[in-house]
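Residue numbers (the numbering used here), protein chains in the order written: chain W, 7 to 613; chain H, 0 to 374.
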């Protein structure tokens, strides 16, 4: 790879090879600042008849070339580097989730401790975790072996025991995995990569347990002592092996690897990277979500702690039927403010599952899909909160105030009251016809509390920027701030249960807009405030409610605007909608009206 | 743009189909290049390493793991039968010995001196691959499988459950819009591939299970009926391992929907002919649709297709099926392909096309919401 000084980088090309589409973007240095300028896309070409990923990459880059009037590919269809005049680029980078991404099996001695740490390392590296094998997972050894045999992961991560801790249980796990002879997903020629990141004292015995049928490697323990996780080395090794084994066996990747100026990263790993970078740089807590057709990825950074979960069967097309099965139809329909025939909806859901590329044509279909997305996001976020916990098994210091709580660690570190930025990505959120709809889906599903800024990834370029952050952090940050994020506005919401028919909070807004008034329990209100505007907002909640300063305490903050503006939310948290005790359909209709989510006319005319 | 690419389903009276029949692990191929094979002939076979029986023998004998080796009555690699003495503890001064007689048969694979665990591996599990279609072996992949070519009538469904099945075609519904009910299924259809019309009802499927049909093909199925049959709500469309009896294939989609007339006509024209059916569906990377394959007697000259979903060019005059509400199931011909994106009723902007339906009505739909009915 050519070494080039960051200051001399003026033109950057980045691609993301997705399962179906390869997306390419160009970033150029304009007036001393990096800006995303052109975008192209083409079908991914890993499968027959092309069976060479670089063809799709070249096609996507060619589209940019045509749009930009810049020659980016030479006569051999290879990227011209470095840039000279109106030709070529200085660096080229890529991410990939082609072929279903990286799929892993993880194991550890105790499900809640070392196995959970192994899972965190795998998820953080951008993998889908197919299963987690642990000594205490309540399955009998033959059931565990059967499971290992059935799965076809790309890689196995073994953890277990703190350094100097149990050896026997770690070796026992190795004795389950080794004879099961797990088969890799791609090709029968390569040996299954197995990473050992457990008790270093157990390593010689683990090594003895495996034969040559696997590619065994060792890294530092993911949990060397009980109260510390060390996920970095395992994560780096996963990335290396991903590149060496999984990628190298996908058609055409050897060539793509040679093209890139930085290691190819799994797409979700790159998205996590950029979110972590932005949260660390700005010193904020952030949550990002990418809702796709098959999966929903949730990323969070709270107090510098990064977590990522992938909800493998919560998505809007391939797995829409699973969302309906898990959430149940009454829970989906509680977000719908018009009459719909449930039997017809159920069949429509299945039809979307079998023909996943279709898009809603009628307003009714859009309303229903957005209702499904609220539930998919809600469930994915619940899973994320359960996963993103403090270390289990660690005794925590208690204060007198904690006297009556019996927690022994393992509390979620995701705290909606401390959330500063919520970023949306993925078709149903990014392509919603109105920004208000994106904001409403985010608020209803994630239930942010206090003051939370909302944004969306304009053209799904977070993966590109994630890998760019590795080689040119300044360019990645500049583009992220200027071109990637579209700020929707700021949501201000109370935590606690509002008293019906009473005032939830009083507000007073000064600055680029001025307003004041009261928000009643269950009420939503939008106050326009443009993206380049700021306002000082003072909130005094009802004595039973909290906006960040304690129950009934006034709080004042500067907020930023966006395409939607300020959303004042007096519905309380947790947000209870539907059933006998929750908000009614009439309330939902009022929210639709308050945020101007949909036109009523097409609904009436379609009847 | 005057044309665009879109996926479609293959429904054709005659084509040369090429199918790859591959073992999951290496094994032996039983046929030779150029050989004629019948659909149910076994063309390749492999032995998967047997199941594993871990035994925590050190615990059972109350001995230290490091001592276990000295207690073993069998060596690694030895054959062990049920009831064989596998190990015996040293006891105290040669008395009070504890014995362990194997409860499983297999080969002794490992004795761990660290955990005291013993691994027995059971009998190898045979995996057989059948030819699936009657035809000629045109290629051999040594130790892995074969490619078989055959001239067939070929129909891709949109969704199915169950695996490969074989049987003669029996027509139960005479028209494509006739709902397949229990009374259409006769006892003489046992072992047959039953052709319905519109939606297959729960009762009809129950009757097909009862008489032992090989497969049931119809236009649609209700989501609730599928849930009743499976006993659970299907979350993702990855199927093929269900064991309800017959394989089920729907050709159009979920709900009250008639089979496309051309598909029904084609299937009915082969009444009594032997068919191979596969209900396995996988709608993720590497799409797999269910299919009905009917080998033809005479050799036709025809284009050769490999298994998989067809991609076609969408252009004026092409026949398409509308695959999304509010027009779901309607069939028509592409009239125009406006290049500029247009605003839909939902408020979204999308690239669209106009379709002239069979009743003459012209409607505007997103390009993503049609599929080509390919010849």
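Each residue gets a CB set at the ideal place from its N, CA and C atoms; glycine is no exception.
Please read all numbers here as calculations on a predicted model, not as lab measurements.
Would you mind giving the Cβ-Cβ distance between residue i and residue j, rounded to the nearest angstrom? I have them listed as a contact below 8 Å.
i	j	result
residue 183 of chain W	residue 154 of chain W	6 Å
residue 228 of chain H	residue 243 of chain H	6 Å
residue 365 of chain H	residue 443 of chain W	Contact doesn't hold; Cβ gap of about 18 Å is too wide.
residue 569 of chain W	residue 537 of chain W	6 Å
residue 352 of chain W	residue 223 of chain H	7 Å
residue 125 of chain W	residue 138 of chain W	6 Å
residue 307 of chain W	residue 292 of chain W	5 Å
So, using beta-carbon positions, are residue i and residue j closer together than 9 Å?
i	j	result
residue 300 of chain W	residue 104 of chain W	no
residue 165 of chain W	residue 114 of chain W	yes
residue 51 of chain H	residue 107 of chain H	no
residue 80 of chain H	residue 101 of chain H	yes
residue 321 of chain W	residue 298 of chain W	yes
residue 14 of chain H	residue 151 of chain H	yes
residue 362 of chain W	residue 324 of chain W	yes
residue 313 of chain H	residue 342 of chain H	no
residue 278 of chain H	residue 214 of chain H	yes
residue 392 of chain W	residue 333 of chain W	no
residue 232 of chain W	residue 172 of chain W	no
residue 20 of chain H	residue 126 of chain H	no
residue 378 of chain H	residue 335 of chain W	In the structure as shown, chain H starts at 0 and stops at 374, and residue 378 of chain H therefore has no counterpart that could be examined.
residue 121 of chain W	residue 96 of chain W	no
residue 40 of chain W	residue 73 of chain W	no
residue 369 of chain W	residue 49 of chain H	no
residue 541 of chain W	residue 516 of chain W	yes
residue 234 of chain H	residue 331 of chain W	yes
residue 94 of chain W	residue 17 of chain W	yes
Interface residues of chain W around residue i at Cβ under 8 Å?
i	result
residue 40 of chain H	Within chain W, no residue comes near residue 40 of chain H; the closest Cβ sits about 24 Å away, beyond 8 Å.
residue 114 of chain H	174, 177, 178 and 181
residue 223 of chain H	349 and 352
residue 232 of chain H	327, 330 and 331
Measuring CA to CA, which of the options is closest to residue i?
i	options	result
residue 283 of chain W	W:482, W:592 and W:68	W:482
residue 343 of chain W	W:69, W:23, W:11 and W:605	W:605
residue 155 of chain H	H:293, H:353, H:83 and H:39	H:293
residue 458 of chain W	W:553, W:70 and W:98	W:553
residue 327 of chain H	W:236, W:371 and W:305	W:371
residue 99 of chain W	W:169, W:144 and W:63	W:63
residue 530 of chain W	W:446, W:146 and W:121	W:446
residue 45 of chain H	H:23, H:65 and H:53	H:23
residue 218 of chain W	W:229, W:199 and W:228	W:199
residue 317 of chain W	W:129, W:597, W:61 and W:497	W:129
residue 548 of chain W	W:513, W:201, W:109 and W:126	W:513
residue 579 of chain W	W:364, W:557 and W:598	W:557
residue 161 of chain H	H:268, H:34, H:64 and H:247	H:247
residue 211 of chain W	W:179, W:314 and W:197	W:179
residue 337 of chain H	H:354, H:130 and H:321	H:354
residue 464 of chain W	W:452, W:488 and W:220	W:488
Please list the partners that residue i has in chain H, where partner means a Cβ-to-Cβ separation under 8 Å.
i	result
residue 324 of chain W	235, 236, 282 and 283
residue 437 of chain W	347
residue 147 of chain W	53
residue 186 of chain W	51
residue 360 of chain W	157, 158, 236, 252, 253, 280 and 282
Quickly, what does DSSP pair residue i with across the bridge? List them, please.
i	result
residue 199 of chain W	W:221
residue 95 of chain H	Paired residues: none, contrary to the question.
residue 356 of chain H	H:331
residue 531 of chain W	W:574
residue 44 of chain H	H:27 and H:127
residue 273 of chain H	H:167
Starting from residue i, find everything on chain H with Cβ-Cβ shorter than 9 Å and list it in chain order.
i	result
residue 206 of chain W	None at all; the shortest Cβ gap to chain H is about 16 Å.
Show which residues of chain C have a CB atom less than 9 Å away from the CB atom of residue i.
i	result
residue 120 of chain H	Looking for chain C here will not work: the only protein chains present are W and H.
Below 9 Å on C-beta distance, what does residue i contact in chain W?
i	result
residue 56 of chain H	Per Cβ cutoff of 9 Å: no residues; residue 56 of chain H is ~12 Å from chain W at best.
Counting only Cβ pairs nearer than 7 Å, list the residues of chain W close to residue i.
i	result
residue 343 of chain H	367
residue 340 of chain H	By Cβ distance, chain W contributes nothing, its closest Cβ being about 12 Å from residue 340 of chain H, past 7 Å.
residue 367 of chain H	363, 364 and 365
Name the chain H residues whose beta carbon is nearer than 7 Å to that of residue i?
i	result
residue 356 of chain W	222 and 253
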